[in-house]
Amino acid sequence: MPPRPTENVWKYPRPPALQRTSARLRVIWRPATGPSAATTGGGGGGGGGEEVVLADTTQGWRVLETSHPPTYYFPPSSVRRDLLQDSSARRTMCEWKGQAKYHDVFSSKARIWSYPSATGKTGPTSDSQGFEDIKGHYCFYASSNTDPKTQGAWVCMVDDDVVQAQEGDFYGSWITPEITGGERGFKGAAGTWGW
143 MPPRPTENVW KYPRPPALQR TSARLRVIWR PATGPSAATT GGGGGGGGGE
193 EVVLADTTQG WRVLETSHPP TYYFPPSSVR RDLLQDSSAR RTMCEWKGQA
243 KYHDVFSSKA RIWSYPSATG KTGPTSDSQG FEDIKGHYCF YASSNTDPKT
293 QGAWVCMVDD DVVQAQEGDF YGSWITPEIT GGERGFKGAA GTWGW
């Protein structure tokens with residue numbers, strides 16, 4: 143597979159753009175191993191000690207917004223929704239996509255979200271595409287937890303590249319080798335929210 147071309151996040155638009163992607167997107171749960179894993183039980187560690195593919199698609203979408211690495215959305219049919227539970231741990235509102243709904247899986251709390259009523263426009267003109275295409279789709283943070291005591295973790299992949307998490311804990315963007323923030327870096331770290 144040829145490498146993807148370099149993309150600088152400072153050339154992404156605002157308002158954000160919604161773009162179809164044929165890249166293979168995957169989220170794979172890898173339960174904890176070792177003595178502490180035995181204390182979490184089958185539900186806490188996830189999958190009874192075996193890897194679980196939580197999501198896998200070549201029919202995803204990505205949202206591209208100035209200063210942010212892409213966020214990837216999985217169609218509902220590509221996600222193990224039978225493993226998800228609604229979460230009350232977090233509430234956020236996007237000015238373009240609306241109210242987010244969060245989901246838990248295994249020991250990971252509120253690290254998956256969807257927009258049940260996604261609408262909005264993705265560009266400055268009245269004929270710009272809206273976000274209706276990702277209504278009900280699922281987006282995963284690149285890291286499955288913020289608590290080092292959490293048992294198990296997932297790995298996110300774009301094609302064969304393991305994704306790196308965006309710094310900070312608000313934005314859920316995925317960083318792959320071709321994505322750059324140039325000299326300014328990416329929004330998300332302490333001190334960058336006011337950009």
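For the sequence shown, counting from 1, position 79 maps to 221 in the numbering used here; every step adds exactly one. Don't be surprised by glycine CBs; every beta carbon is placed ideally from N, CA and C. Bear in mind the structure is a predicted one, so any value in this text is a computation, not a measurement.
Distance between beta carbons of residue j and residue i, contact taken as under 8 Å
| i | j | result |
| --- | --- | --- |
| Val195 | Cys298 | About 12 Å separates the two Cβ atoms, so there is no contact after all. |
| Tyr154 | Thr208 | 5 Å |
| Ser220 | Ala197 | 6 Å |
| Arg276 | Leu160 | Residue 276 is actually Ile in this sequence, not Arg. Indeed they touch by this definition, with Cβ atoms about 7 Å apart. |
| Thr199 | Pro217 | 6 Å |
| Asp301 | Met143 | 6 Å |
Buried/exposed call for residue i, threshold 16 Cβ in 10 Å
| i | result |
| --- | --- |
| Glu237 | exposed |
| Arg326 | exposed |
| Gln227 | exposed |
| Pro158 | buried |
| Ser230 | exposed |
| Gly183 | Annotation note: pLDDT 36 at Gly183 (below 50); position unreliable, coordinate value reported separately. Exposed is the call here. |
| Phe312 | exposed |
| Pro211 | buried |
| Arg204 | buried |
| Arg233 | exposed |
| Thr148 | exposed |
| Thr261 | exposed |
| Ser164 | exposed |
| Gly185 | Low confidence applies here, because Gly185 scores a pLDDT of 42, under 50, leaving its location unreliable; read the following figure in that light. Counting Cβ neighbours within 10 Å, Gly185 comes out exposed, since fewer than 16 surround it. |
Closest by C-alpha distance to residue i, when choosing among the options
| i | options | result |
| --- | --- | --- |
| Asp246 | Ser220, Gly202, Ser219, Ala295 | Ala295 |
| Cys281 | Ser259, Trp316, Met235 | Trp316 |
| Gln201 | Arg166, Glu274, Ser286 | Arg166 |
| Gly191 | Leu206, Thr199, Pro173, Trp203 | Pro173 |
| Glu309 | Lys239, Ser164, Trp255, Phe328 | Phe328 |
| Gly324 | Val151, Trp255, Pro145 | Val151 |
| Arg223 | Pro147, Trp255, Gln161 | Trp255 |
| Tyr257 | Pro147, Phe248, Tyr215 | Tyr215 |
| Tyr283 | Leu225, Ala260, Gly314, Thr261 | Gly314 |
| Met235 | Lys251, Leu225, Ser259, Phe248 | Ser259 |
| Trp171 | Thr318, Arg253, Phe273 | Arg253 |
| Lys239 | His279, Pro144, Ser250 | His279 |
| Ser249 | Arg162, Gly272, Ser285 | Ser285 |
| Arg156 | Gly330, Leu206, Thr318 | Leu206 |
C-beta neighbour in chain C for residue i, strict 9 Å
| i | result |
| --- | --- |
| Ser219 | Here there is only one protein chain, and chain C is not present. |
Near the ligand HEM: residue i beta-carbon under 8 Å from a heavy atom
| i | result |
| --- | --- |
| Ala284 | The ligand content of the structure shown is nil, which means the ligand HEM is not present either. |
For residue i: DSSP bridge partner residues
| i | result |
| --- | --- |
| Val349 | As shown, the chain starts at 143 and ends at 337. That puts residue 349 outside it, with no answer to give. |
| Trp152 | None; Trp152 has no bridge partner. |
Requested in this report: Ignoring anything shorter than 4 residues or poking outside the segment 154 to 239, list the alpha helix (DSSP H) runs there in chain order.
Outcome: 183 to 187
**Report entry** Entirely enclosed beta strand (DSSP E) segments - the segment 284 to 331, minimum 3 residues
**Finding:** 295 to 300
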